[in-house]
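Everything below concerns the one structure shown next.
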Amino acid sequence: MNHLLKPHSAATRSISHAMKRATRPVCVPSSCLCRRHLTSSPTLATFQRSPDLNSGFTGSYDPTAETSRGPMFSKSKHGVPQFYPRDLKKCLDAYVVGQDRAKRIICSTLFNHYQNYRRRHQIECKDRQMQEKLERQRSSRDKTDAPQSIRAYPAPEDYRFLEHSPYYEINDFNLEPLEPPDLLVPSNDPAEAHRVNIDKSNLLLIGPTGVGKTYILETLSKKLRVPFSICDCNSLTQAGYIGQDVETCIERLLIEANYDVTATQRGIVVLDEFDKLARRESPTGRDVGGEGVQQALLKLLEGTKVTLNCRNGRSIQALPANISSLPPTGPGKMEQYTVDTTNILFILCGAFVGLDKVIVKRLAKPSIGFGGDVQGRSTMSGVKHQLPPEMYRHLAHHNSLNESSFTPMDLVSPADLQSFGFIPELIGRLHNICALSPLSREDLLRVLTEPCNSLVAQYTALFETYPSKLFFTQKALSAIAERAFMSATGARGLKMEMERVLAEPMFDSPTPLVLITEACVKGTEKAAYWGKDGRFELDRRLEAEEIQVPNPQAPSPLGSFREAGQSGG
């Protein structure tokens, strides 16, 4: 029996030993004790979190107290940029042929515009968080300083104690709390006091027609998903005259942004045909369509608040998520919008026909005396002026591009634009000037076939709907590019030639197989048609008009005869 009671007695001794240890006094460090702030009210107590990370913490939080922050607290919540200018150019190369220098400058400008918007958005979020923190501090202070209990219907003797209170006023029917004074004080943050504001950089694009000025901007705007509008400067006039005011471009941008003022203020406005605003002589003595519009554009480019009265045509599909915050408006109701143009990027485009003559005249050396080069008074359109290569070495991206891609338009100066007919105040608001070079024959041939939305791909897809299959020989494409180059209209001439060549096949459709040859482009033959069994003849004709690329390492068939003639054999 004794050996059966031994385990039970051992368990009893361990339990009694644990109970004795539990009754002993425990020494608690002073750093782990909760600190209580004494207030005038015995029932209100605030527990503060200790700033020492090694000490204990309480279960409550006081928003008025400053706490220690970890190393990741000041990290930007917006992260690194989602793309860089080189990424934009890579996407642009799939749609636009050539213009490498212009694409680099445009991508950098739009990237900086996008980054400036992200930076402003980050600052606004930080300011909003600071405002919410101040509101929480005010709310906590109101709860701390408020009386413990106030009856819903105070007795007359209670007014005697409340009439001197700075936070309450006595009305005829109720007691209304006043805003505590000087609670929302400005922040003493040195970073906010020395905050840097990044100004926008407006862009001027100079180049002949059909080189891709507008197409480059349209492609990038779709990639960036920012509001984008194009305004023609031919219809702009000074305020008070027949025509459109300069505020029309902002109104179109507002419509593109679905009447969202916040999205409008970060959009892009393209003023096309800007060279048509040059100063010109007017029989009435007042140039309302030239210099008058230039004067009206000054404040718009620099930054001002524009008030627009337009009918609200907001689409229901594009309404924001917080639709409850929008005021109720009826369909077609006139509304007033105020848009700040400070952060709207303005890009101005124009052909500037004749500006190259002004530049060459300024840069050309005097031709007086024997051995001097005679400079003509006029030059033909599309002719490249030959200037020394060292004149282009100061330009951006000079080392990474071929010197043959530069033109005298790249050397334009504010003095040249002023001589062309623009006022100095407007020229000073154009911070970046970029020139686009004319497209060569090789560039036009690449435009036909290489881009994602090339003309050959477009017409091939169109003929598939007939249904028909359209084919071009290599010599036919070269002939189309040659004729478009001679028209001096850039890439737009390609569309004209394609419509001319394919006019008869479109009318004669549907035919299973259609072939366009070089003779068809030149007009000596008609387009060739076959049925479904004519695939063999089609392939033979395609192979017959292939362009053979010469190989410099391959031996010439006349090399043996030439060597024999030189040796006298």
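Under the UniProt record's numbering, the first residue of the sequence shown carries the number 1, and numbering increases by one thereafter.
For each residue, glycine too, the CB sits at the ideal point set by N, CA and C.
Please read all numbers here as calculations on a predicted model, not as lab measurements.
Cysteine 125 sits in a helix when the DSSP states are folded into three classes.
Contact between threonine 465 and valine 456 does not hold, since their C-beta atoms are separated by about 16 Å, which reaches or exceeds 8 Å. In this structure, valine 306 lies near threonine 341, with their beta-carbon atoms less than 8 Å apart.
DSSP places threonine 338 inside the beta strand (DSSP E), whose first and last residues are 334-340. The C-alpha of lysine 133 lies about 31 Å from the C-alpha of tyrosine 337. Assignment of valine 358 by DSSP, reduced to helix, strand and coil, places it in the helix class. Between isoleucine 359 and leucine 395, the CB-CB gap reaches or exceeds 8 Å. Within the same chain, Cβ atoms closer than 6 Å to the Cβ of glycine 303 are found at Thr341, Thr342, the five residues on either side in sequence being excluded. Inter-residue distance for proline 512 and serine 487 is about 33 Å (C-alpha atoms, whole angstroms). Taking a C-beta distance under 8 Å as the contact criterion, alanine 528 and phenylalanine 420 do not qualify as a contact pair.
The beta carbons of alanine 476 and threonine 517 sit closer together than 8 Å.
In the DSSP assignment, phenylalanine 471 falls within the beta strand (DSSP E) that extends over 469-472. A residue is called buried once 16 or more other Cβ atoms fall within 10 Å of its Cβ, and alanine 503, having fewer, is exposed. One alpha carbon belongs to isoleucine 230, the other to threonine 214, and they sit about 9 Å apart. The criterion of a C-beta distance shorter than 8 Å is satisfied by asparagine 453 and tyrosine 95. Per DSSP, the continuous beta strand (DSSP E) segment holding threonine 307 begins and ends at 305-311. Secondary structure of glycine 493 (DSSP, three-state): helix. Straight through space, the alpha carbons of aspartate 127 and leucine 387 are spaced by roughly 54 Å.
Burial check for cysteine 349: the Cβ neighbour count within 10 Å reaches 16 or more, so the residue is buried. About 5 Å separates the CB atoms of glutamine 474 and isoleucine 547; that is less than 8 Å, so the two are in contact.
In the three-state scheme derived from DSSP, where H, G and I count as helix and E and B as strand, tyrosine 84 is classed as coil.
Of the residues Phe463, Val261, Pro408, the one whose Cα lies closest to the Cα of proline 227 is Val261. Per DSSP, phenylalanine 406 lies in no alpha helix (DSSP H) and is assigned neither H nor E.
Assigned with DSSP and collapsed to three states, aspartate 443 falls in helix. Lysine 103 and methionine 391 have their C-alpha atoms spaced approximately 21 Å apart. Of the residues assessed, valine 270 falls on the buried side of the cut-off, its CB having 16 or more other CB atoms within 10 angstroms.
A straight line joining the alpha-carbon of glutamate 291 with that of leucine 345 spans about 22 Å.
Proximity of the stretch 85-101 to the stretch 192-206 falls short of the contact definition, fewer than three beta-carbon pairs being nearer than 8 Å. Rounded to whole angstroms, glutamate 124 and leucine 297 show a C-alpha spacing of 29 Å. Considering only Phe352, Arg252, Leu444, Val447, the residue with the shortest C-alpha distance to isoleucine 433 is Phe352. The C-alpha of serine 108 is placed about 26 Å away from the C-alpha of leucine 444.
In the structure shown, the three-state DSSP call for phenylalanine 274 is helix.
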